[in-house]
Amino acid sequence: MPLRVFLLCFTSSAMKTLPILLHPDPRLKKMCDPVTVFDTALQTFADDMLHTMYEAPGVGLAAPQVGVTKRIFVMDCTTKDEDQIREHKPMVLINPEITWSADETSVYNEGCLSLPDLYEDIERPASVKMRYRDVSGETHEETFEDLWSTCAQHELDHLDGILFIDYLTRMKRNMMTRKMEKYKKDLARG
Ligand SMILES: [Zn+2]
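Quick note, my numbering runs 147 ahead of the 1-based positions in the sequence shown.
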């Protein structure tokens, strides 16, 4: 299904677009709490997060990025190749933890919805196995590779208050933070 058609289907119910926090923001630096209640409110929140991620558009979004300090993130890396999408795979990962990571690493030019238009090469394990719960509380374990691996690790970092720029040198990080401060000032001015 083409991305646009999929989005129309996916967003036909009363899903909300949640405002995404921009770096620097103290709420992006917090350690998030585990999810303990698996109810309809959690399901609604997960749907809103997926909707917000597709709208952005992005391949991943973590709860602290929308101001909720809970251990939950959503991702769908199929949207990266918009023209060749065969099947979408919206994923919701709750209380995720890495149970195995590969020795081999891979480098991906990462970006983040909380730092629009800023990209840097980040090296991470090329594949990871993650254990997580779904919205109904059921436990799963899955191995992620390629962009899925990068994305899952990037999003899991968010739940520990870590941004991809934290892997860069202090000089580079400060430079990107100053760019974001200016971007936010310009945005506020309209
Ligand atoms: Zn991010």
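Every residue gets a Cβ at the ideal spot worked out from N, C-alpha and C, and that includes glycine.
Predicted model only: the values in this text are computed from it and were never measured.
Check	Outcome
Own chain partners of residue 161 with C-beta closer than 8 Å, once the 5 adjacent residues on each side are dropped	none
Check: residue 393 C-beta below 7 Å from any heavy atom of ligand 1	Here the chain has residues from 148 to 337 only, and residue 393 is not among them.
Any non-hydrogen atom of ligand 1 closer than 7 Å to residue 260 Cβ	yes
Sequence-distant residues of its chain with Cβ nearer than 8 Å to residue 180 (five each side left out)	216, 217 and 218
Buried versus exposed call for residue 199 [16 or more other C-beta atoms within 10 Å across all chains shown]	buried
Inter-stretch contact (C-beta, 8 Å, three-pair minimum) for the region 251-265 and the region 317-337	yes
Reduced DSSP secondary structure (H/G/I, E/B, other) of residue 307	coil
Sufficient close CB pairs (3 or more, under 8 Å) joining the region 305-325 to the region 282-291	no
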